[in-house]
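Residue numbers (the working numbering): 350 to 488.
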């Protein structure tokens, strides 16, 4: 080769060049940011993972500690625990403030032998209300 020209070979390891690579990284960042913004909505409703007493468990009375743990954080101030007695009465339970952000806890006092149902309603931090029941017995 004469005339002082040099043959320059292009590095084809990036098939579309550096500009394309930068654009794709930017697009990936935008998609990740959008997914993070909407992540709480993707989790859906609060689901009860465990309870004390457990479903259909027989416990000793007269005082019974109750707790329901969920798969996500809940707003305890806007959530409720209600005890249904064998006579069909509904007794609201006072939720203890020391419960973790994913749990509701209380104590049912003066329970006699019989079948009870712990009814819960929670407001998850994603804004959805979920309800459920835990039947149990006192011996």
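Note that beta-carbon positions come from the ideal geometry of N, C-alpha and C, so glycine has one too.
Keep in mind that this is a model prediction, so the values were computed, not measured.
Contacting residues, own chain, Cβ-Cβ under 6 Å from residue i (five flanking each side not counted)
i	result
residue 482	466, 468
residue 434	none
Top-ranked residue by Cα proximity to residue i, from the options
i	options	result
residue 400	477, 476, 432, 418	418
residue 462	420, 413, 403	413
residue 438	428, 455, 460	460
residue 428	480, 410, 408	480
residue 395	458, 436, 476, 407	476
residue 464	485, 403, 422, 430	485
residue 422	457, 450, 478, 458	450
For residue j and residue i, the rounded distance between their alpha carbons
i	j	result
residue 390	residue 470	Unreliable placement is indicated for residue 390, whose pLDDT of 48 sits below 50; no coordinate value is reported for it.
residue 415	residue 442	9 Å
residue 383	residue 488	Residue confidence is low: residue 383 scores 49 on pLDDT, short of 50, so the model does not pin down where it sits. No coordinate-derived value is stated.
residue 445	residue 455	5 Å
Chain-order list of residues whose beta-carbon lies under 8 Å from that of residue i (same chain, five-residue window excluded)
i	result
residue 424	471, 472, 473, 474
Nearest-angstrom Cβ-Cβ length linking residue i and residue j, presumed shorter than 8 Å
i	j	result
residue 440	residue 432	4 Å
As assigned by DSSP and simplified to three states, the class of residue i
i	result
residue 425	helix
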